[in-house]
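Before any comments, here is the structure.
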Amino acid sequence: MTNDEGYERPRKIIHIDMDAYYASVEQRDNPELRGKPIAVGGSAARGVVAAASYEARKFGVHSAMPSVTAKRKCPDLIFVPPRFDVYKAVSQQIREIFAEYTPLIEPLSLDEAYLDVTHNLKGMEIATEIALEIRARIKAITGLNASAGISYNKFLAKMASDLNKPNGQAVITPRNGPAFVEALPVKKFHGVGPATAEKMHRLGIDTGADLKGKTLEFLVEHFGKSGPYFYGIARGIDERQVKPNRVRKSVGAEDTFSQDLHAYEPAREGLQPLIEKVWGYCEAYGIGAKTVTLKVKYADFNQITRSKTVPIPLAAIADLEEIVGLLLAPIFPPRKGIRLLGVSLSSLERRAAGTEPQLRLAL
1 MTNDEGYERP
11 RKIIHIDMDA
21 YYASVEQRDN
31 PELRGKPIAV
41 GGSAARGVVA
51 AASYEARKFG
61 VHSAMPSVTA
71 KRKCPDLIFV
81 PPRFDVYKAV
91 SQQIREIFAE
101 YTPLIEPLSL
111 DEAYLDVTHN
121 LKGMEIATEI
131 ALEIRARIKA
141 ITGLNASAGI
151 SYNKFLAKMA
161 SDLNKPNGQA
171 VITPRNGPAF
181 VEALPVKKFH
191 GVGPATAEKM
201 HRLGIDTGAD
211 LKGKTLEFLV
221 EHFGKSGPYF
231 YGIARGIDER
241 QVKPNRVRKS
251 VGAEDTFSQD
261 LHAYEPAREG
271 LQPLIEKVWG
281 YCEAYGIGAK
291 TVTLKVKYAD
301 FNQITRSKTV
311 PIPLAAIADL
321 EEIVGLLLAP
331 IFPPRKGIRL
341 LGVSLSSLER
351 RAAGTEPQLR
361 LAL
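Printed below as a string of structure tokens:
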């Protein structure tokens, strides 16, 4: 992007991240929970924490932690069942605030999004002031706190949003971006998971500076198509655009059962809420799916997946139910009890106008 003088003008990207979103919504709606350690999720033996309040995080409780572990770390932990319909409604309120400033909004989930405010609807020049205004609007309308990161690309905006959490913001400028990356441990890089971080460690890459010291050829050899991305971010470079119409690669849901399943009917019943959840996402966002994958985890923690791809996107939830049933049936009787089942949809694409999915109404 160039300005009137013809030289390159840095983009202005904001990453907004709601603070302990699910837990904060619950504390907002129930005053008795405020100031207390809470976990959104199931408290049963095989439950999992979906979100933890900051009071709970002080004890080491975090999302994706088994509930029994969370309770052991924080004996006073209060479990609250999730209310995804409420979280989605509040997320829509937040999205409407974003739209007052820019049409270039790329949601990552219900509680975070990228905004390109280089050319914004308010005509504001300073991105940090835009972020302050947005956070104040979110607080006034929803009663919730948000943190923000401001930078010249998506990677650094995402990293900046974590620097002053909760209820804060930080900016990483083009001048200090490369030095910031060089000093950062690669295990803290957004997009570098535990397995990749361990692989980098084995290759002698522990910091951004170490990563910057590797050639593009080396990174492609060891990390394939991610090599060019790693080569760029090690130098503070990330050319990815904020994409308002980004379609997720997949959408899925899974559940761990309180008792192992051994028969088809209980397993099929356990899958129904998962089917409805993933189908609901497709309906809400006008997305079609061609590939259905069933995930099965046994009592010994071994797992298998079974997939089926159809030539055109599924037209109705009944089609999804039929395919899930076909994938599930051959694994019975199972070699061991089943502790977890999951359903995911991939090969996602936007539905063309006039091809709305059929709705299944709860009567």
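Per UniProt numbering, the sequence shown starts with residue 1, numbered consecutively.
Ideal Cβ positions, reconstructed from N, Cα and C, are used throughout, including at glycine.
- Your pair valine 296 and lysine 308 does not check out as a contact, with CB atoms roughly 14 Å apart and the cut at 8 Å.
- Assigned with DSSP and collapsed to three states, serine 344 falls in strand.
- Annotation: the continuous alpha helix (DSSP H) that includes valine 90 extends over 84 to 99.
- The residue from Ile94, Gln27, Ala234, Pro37 with its alpha-carbon nearest to that of asparagine 153 is Ala234.
- Cβ contact annotation for methionine 124 (same chain, cutoff 6 Å, sequence separation greater than five): Ile130, in chain order.
- A residue is called buried once 16 or more other Cβ atoms fall within 10 Å of its Cβ, and asparagine 302, having fewer, is exposed.
- Taken atom to atom, the span from the alpha-carbon of proline 103 to that of proline 311 is near 33 Å.
- In summary, glutamate 112 is buried, with 16 or more beta-carbon neighbours lying within 10 Å of its beta-carbon over all protein chains present.
- Assignment of aspartate 260 by DSSP, reduced to helix, strand and coil, places it in the strand class.
- Remark: three or more beta-carbon pairs, one from each stretch, lie closer than 8 Å, so the stretch 251 to 260 and the stretch 278 to 285 are flagged as touching.
- Between alanine 39 and phenylalanine 84, the C-beta spacing is not below 8 Å.
- Between the beta-carbon of methionine 18 and that of alanine 197 there is about 26 Å, and that puts the pair past the 8 Å contact cut.
- When DSSP reads this structure, alanine 170 sits in a beta bridge with Gly149.
- One Cα belongs to glycine 342, the other to alanine 70, and the distance between them is close to 23 Å.
- When C-beta atoms of the stretch 184 to 193 are compared with those of the stretch 148 to 165, three or more pairs fall below 8 Å, so the two segments count as touching.
- As the crow flies, the alpha-carbon of aspartate 206 is around 31 Å from that of threonine 128.
- With respect to alanine 170, glycine 208 sits apart: the two C-beta atoms are not nearer than 8 Å.
- For glutamate 254, the three-state secondary structure derived from DSSP is strand.
- Runs of the beta strand (DSSP E) lying entirely within the stretch 284 to 335 and spanning at least 3 residues, in chain order: 287 to 298, 303 to 309.
- When secondary structure is reduced to three states using DSSP, leucine 211 falls in the helix class.
- Exposed is the label assigned to asparagine 245, since fewer than 16 other Cβ atoms lie within 10 Å of its Cβ.
- Residue environment analysis places serine 258 among the exposed positions, since fewer than 16 neighbouring C-beta atoms fall within 10 angstroms of its C-beta.
- Phenylalanine 230 sits in a helix when the DSSP states are folded into three classes.
- Contact between glycine 288 and glutamate 217 fails: their C-beta atoms lie close to 39 Å from each other, not under 8 Å.
- Of the candidates Pro194, Cys282, Lys336, Val242, Cys282 places its Cα closest to the Cα of leucine 314.
- In this structure the stretch 259 to 276 touches the stretch 325 to 339; the number of beta carbon pairs closer than 8 Å is three or more.
- According to the DSSP assignment, valine 186 belongs to no beta strand (DSSP E), since it is labelled neither H nor E.
- Pairing isoleucine 138 with isoleucine 97 gives a Cβ-Cβ distance under 8 Å.
- Bridge partners of alanine 45 according to DSSP: none are assigned.
- Under the DSSP assignment, histidine 119 falls outside any beta strand (DSSP E); it carries neither an H nor an E label.
- Within its own chain, the residues whose Cβ lies closer than 6 Å to the Cβ of threonine 118, once the five positions on either side in sequence are excluded, are Arg11, Lys12, listed in chain order.
- Aspartate 76 and glycine 177 have their alpha carbons spaced roughly 42 Å apart.
- Nearest to lysine 290 by alpha-carbon distance, out of Leu271, Arg268, Val324, Gly270, is Val324.
- For isoleucine 126, there is no enclosing beta strand (DSSP E), as DSSP marks it with neither H nor E.
- Assignment of beta-bridge partners to aspartate 17 by DSSP yields Glu112, Ser147.
- Here the alpha carbon of proline 166 sits roughly 37 Å from the alpha carbon of threonine 215.
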